[in-house]
Amino acid sequence: MNERWADLAARLGSALVMVAVGVWAIWMGGHVFHIVVGLICGLMVWELVRMLVSEDSRLAIQLGGVAALAVLLAIYLPLLFVAPLLIAPAIVGYTQLPRHKLLYAGFTVLILAASYGMMHVRDDLGFGWLVWLVMIVVVTDVAGYFAGRIFGGPKFWPSISPKKTWSGTSAGWAGAALVGVFFAVNSGMWGAILLASIVLSFSSQMGDIAESAIKRKMAVKDSSNLIPGHGGALDRFDGMLGASVAFLVIELLFGFPWATL
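So the sequence shown is numbered by my numbering: it starts at 43 and just counts up by one.
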């Protein structure tokens, strides 16, 4: 098999399992979805600490647990408590980590805000809008993966993510626009949903870039080896971090979305 496609079989196998679990959790919603998102949130913080302070596995487990608990409490408590809970794990870790404190704190807030955002979308906006958000991230990633390997070409940001190309990046935007067209048929929000789809696609790629920057700084290939062909939870869900937080910002600024799916 061509070296460019060497990881394809493992990626597909793992992707099928993740899709099955993800579809089930999203469909179930409620407590089931909250628990799944909380666990993933905890795993991402665990991986982050392991990358930043590799010698302290106990601290990684503790902060991962604190993060999972905080985001689960945030979704069930009144809005007054949300911001303090989403920030608390970052503050706790900042006081405990011997180095890379700001990097940990900033990325941890991103992880918890994105996790809360996904639960909020499912709880308050409904199944359809969360599927739209997830589809944008998945299609952006898949289109970028195949276009980048087929067409290659100039690198998008070689100093941070040497594998990401402009062809893959552009294919991700085009794929997200197609997702927007599909969902616009049901919502009637043609211009808004198309623009939002491309913005969230770009935000997803920026989430990927941000995580790649951390891995490059810490000289690691993957955030962990939990998922065959994909690396760790951060490697797989980095795009969701960027897209979910961007969705929250768009919702706060513009009251988006203005229809149901």
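Built from N, CA and C at the ideal position, the CB exists for glycine as well. These numbers were taken from a predicted model, which means no experiment stands behind them.
Near V61, which residues of its chain fall below 6 Å by C-beta distance, leaving aside the five closest residues on each side in sequence? Numbered from 1 along the sequence shown, position 19 holds the residue referred to as residue 61. Taken in chain order, the list of residues that qualify is empty.
Straight-line Cα distance separating A285 from T182: The count along the sequence shown starts at 1 and reaches residue 182 at position 140. The count along the sequence shown starts at 1 and reaches residue 285 at position 243. Each residue's alpha carbon lies about 11 Å from the other.
Three-way DSSP call (helix, strand, coil) for P204 in this model: By one-based count along the sequence shown, residue 204 stands at place 162. Of the three classes helix, strand and coil, the one that applies to P204 here is strand, per DSSP.
By the three-class DSSP mapping on this structure, what secondary structure does W300 have? Taking the sequence shown and counting its residues from 1, one reaches residue 300 at position 258. In the structure shown, W300 sits in coil (DSSP, three-state: anything other than H, G, I, E or B).
Who are I269's beta bridge partners in DSSP? For the purposes of this step, residue 269 is identified with residue 227 of the sequence shown, where counting begins at 1. Paired residues: G273.
Answer with buried or exposed for T211, where buried requires no fewer than 16 other C-beta atoms within 10 angstroms of its C-beta. Here residue 211 corresponds to residue number 169 of the sequence shown, with the count starting at 1. That one is buried.
Given K263, which residues of its chain have a CB within under 8 Å of its CB, disregarding the five upstream and five downstream residues? Working through the sequence shown from its first residue, we reach residue 263 at position 221. K257 and G273.
Collapsed DSSP secondary structure at L58 in the structure displayed: Position 16 of the sequence shown, counted from the first residue, corresponds to residue 58. Looking at L58 - three-state DSSP - the assignment turns out to be helix.
Would you identify the three-state DSSP class for K143, choosing helix, strand or coil? Locating residue 143 in the sequence shown gives position 101, where the first residue counts as 1. If DSSP states are grouped into helix, strand and coil, K143 belongs with the helices.
Where L295 falls: helix, strand or coil (DSSP): Stepping through the sequence shown from its first residue, residue 295 is reached at position 253. If DSSP states are grouped into helix, strand and coil, L295 belongs with the helices.
Along the chain, where does the alpha helix (DSSP H) that runs through Y188 open and close? Locating residue 188 in the sequence shown gives position 146, counting from the first residue. The displayed chain sequence assigns Phe, not Tyr, to residue 188. Unbroken alpha helix (DSSP H) run through F188: F169 to F193.
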